[in-house]
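Written below as structure tokens is the structure these notes are about.
Structural data, given as structure tokens:
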């Protein structure tokens, strides 16, 4: 079953200097019990995508085309605000990048975890018991006594684990994790990934995991999409993409990751050029101005070329594999 | 101090007082040592990296070298000059030789100043405004690979990578010998991170710079640093040549940090060393080897005896039972 299906989604913002198309024809789906990663660099539309799903687009933004089907029957792009509010925090939960910003500094952790359960009919004592159980699941030692403590009394890693506990409290169908490990140290980062994996299995939810860190996506996600300038340029299983990337942008992105280099190199690979101005999208392929494989064909909109299985790359020239990658 | 040594730090201690007036009156106030007994040499033309988890004292150490934090005891010899105890006025010419790049590329630039003013500022501060500032600004922009018309932009009009380049330009404005960079690539995209590291490597070669880099990204360390030190609770637990440490770490903490590096390969089988997440408080340092509360190799002796820094191969480390020895 599919928990979330995004079909042909386009989002535009009206700015003083004109209309800006932040997302263009984005399609992907999140199957139940699976983790889907979204990779892309700053400005590729990751945050806009989350905000569109959660119905939190800024006032000058609008969904200009497409639908966001949640649990088969609700189109989030057209849902009224009250119904949307009922879904957020209950069926769709979110963990953000900054754990301090996600917790209220002047309320105790116990109070905040009780507040999250405002829709449940349990007694105060039962709600607290659930909070304790949840904190134990995210491996906070001595949870009973820690309920009375305030966010500043916890370390950064613990705060992020509390934020995860709060997000999973209502056993959502979909967890959206927006760079949840970026602010953490490497040792905490891997611990948090392991924790998310275990909890996802235990609770049986789907995860939409946004990150610019390729290593984290490789460890956590079953499937992934690669975004560039508001478009999905490649999608498939994590294995297909890491071992057999076919879109030139994905290949360059993978090659840039210093984690792939087992020794020191005189010059690190980079991607020449800059992101296009989204008010004036290049015609045809959006990556063509920065692509060394570009030719006249690329001035036409590229097809969604099937590479095999679920693996799709939006490019005219998908026949070149990247050497030395995945080997 | 050999003629090759640009910076020589010996047995440096930096402490902070904790607890307010009430705690002091009640006799509960105490001190934490954020940097504790750190010694290292940085040779001319080389890059030294400091790594460690949040709160390990990396930034405090860098700020102390720059005179932004008073030294408790110990010595900092920079180009043969003792910096410990220097007044702010006496530190000023030193900072010209040893500028610091702070974390957060955009946040470390004043939002009210244009790039032109930002790049002229070092000259004004050091009383060099008689130079042709416009020419200097253009020279710096070309050195860091930014177009000339960027001089009239403001920080909010820059991307993270461009803002970082402006930060680099400010740091190299007055022909320094040592650049101290605190997390120079944190928060940047991978492709932009590569550009910034290439720029730093290139400037180092071209200007004969030395660099002290603080980072928690080990992949970055491998690409830029000749030597590295791993900090834990304000102390160096292992220091040595970067390549040697990556090949065969001796301290269990270094080994755990190296294994905690997520790698972009879904099929990789991880031989991961998982550490208990909680770092001890500096107010209550563990007995014996301070890492024993989290160390997978800890034995009885580690809880009692304090390990003495020892040489294993080229590395110096503090561990009773070093790995790969």
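Chains as they are written, first to last, in our numbering: chain L, 49 to 375; chain V, 37 to 361.
We treat Cβ as the ideally placed atom computed from N, Cα and C, and that holds for glycine.
Check, Outcome
"Residues that residue 290/L contacts on chain V, provided the C-beta gap is smaller than 7 Å", "300, 301, 302"
"Residue 63/L burial status per 10 Å Cβ neighbour count (16 or more: buried)", "exposed"
"Opposing strand residues paired with residue 218/V [DSSP bridges]", "250/V"
"Any 3 or more C-beta pairs closer than 8 Å across the segment 256 to 267 of chain V and the segment 336 to 348 of chain V", "no"
"Cβ-Cβ distance between residue 94/L and residue 214/L below 8 Å", "no"
"Sequence-distant residues of its chain with Cβ nearer than 7 Å to residue 91/V (five each side left out)", "315"
"Straight-line gap, residue 191/L to residue 250/L (C-alpha atoms, nearest Å)", "20 Å"
"Segment limits, alpha helix (DSSP H) that includes residue 49/V", "Segment 41 to 54 is the beta strand (DSSP E) holding residue 49/V; no alpha helix (DSSP H) there."
"Own chain residues within Cβ distance below 7 Å of residue 252/L, not counting five before or after", "81"
"Option in 126/V, 228/V, 120/V with minimal Cα separation from residue 162/V", "126/V"
"Collapsed DSSP secondary structure at residue 108/V in the structure displayed", "coil"
"8 Å CB neighbourhood of residue 147/V in its chain, flanking five on each side removed", "190, 191, 192"
"Contact set between the segment 300 to 311 of chain L and chain V, restricted to residues whose Cβ is under 8 Å from the partner", "300, 301, 302, 304, 305, 306, 307, 308, 309, 311"
"Cα-Cα separation, residue 342/L to residue 292/L", "20 Å"
"Under 8 Å from the C-beta of residue 292/V: neighbouring residues of chain L", "235"
"Check whether residue 159/V and residue 152/V have beta carbons under 8 Å apart", "no"
"Nearest candidate by alpha-carbon position, reference residue 326/L, set 102/L, 278/L, 361/L, 88/L", "278/L"
"Contacting residues, own chain, Cβ-Cβ under 7 Å from residue 146/L (five flanking each side not counted)", "231"
"Contact belief for residue 362/L with residue 295/L at Cβ below 8 Å, rounded distance in angstroms", "7 Å"
"The segment 195 to 208 of chain V touching the segment 222 to 235 of chain V, judged by at least three CB pairs closer than 8 Å", "yes"
"Neighbour flag for residue 199/L against chain V, beta carbons, 8 Å", "no"
"Cβ contact check for the segment 243 to 259 of chain V and the segment 202 to 217 of chain V: 3 or more pairs under 8 Å", "yes"
"Residue from 54/L, 126/L, 170/L with nearest C-alpha to residue 97/L", "54/L"
"Beta strand (DSSP E) segment containing residue 198/V, residue limits", "Not the beta strand (DSSP E): residue 198/V falls in the alpha helix (DSSP H), residues 196 to 208."
"Local Cβ density within 10 Å of residue 375/L, reported as buried at 16 or more and exposed below that", "Below a pLDDT of 50, predicted positions are generally treated as unreliable, and residue 375/L, at 34, falls in that range; the measurement from the model is reported next regardless. Residue 375/L comes out exposed."
"Straight-line Cα distance separating residue 62/V from residue 308/L", "55 Å"
"Residues of its chain near residue 273/V, where Cβ-Cβ distance is below 8 Å and the 5 sequence neighbours each way are ignored", "266, 267, 287, 289, 290, 327, 353, 354, 355"
"DSSP three-state assignment for residue 205/L, whether helix, strand or coil", "helix"
"Coarse secondary structure for residue 228/L, derived from DSSP in three states", "coil"
"Every unbroken alpha helix (DSSP H) within the segment 328 to 353 of chain V, with a cutoff of 4 residues, ordered by chain", "336 to 340"
"Three CB pairs or more closer than 8 Å across the segment 197 to 214 of chain L and the segment 141 to 155 of chain L", "yes"
"Neighbour list for residue 259/V in chain L, Cβ cutoff strictly below 8 Å", "306, 309, 312, 313, 316"
"CA-to-CA distance, residue 182/L to residue 176/L, given in whole angstroms", "10 Å"
"Interface residues of chain L facing residue 308/V [CB-CB closer than 7 Å]", "238"
"Residue closest to residue 222/V, alpha-carbon to alpha-carbon, out of 294/V, 250/V, 216/V", "250/V"
"Spatially closest choice to residue 273/L from 284/L, 264/L, 267/L, 266/L, by CA coordinates", "284/L"
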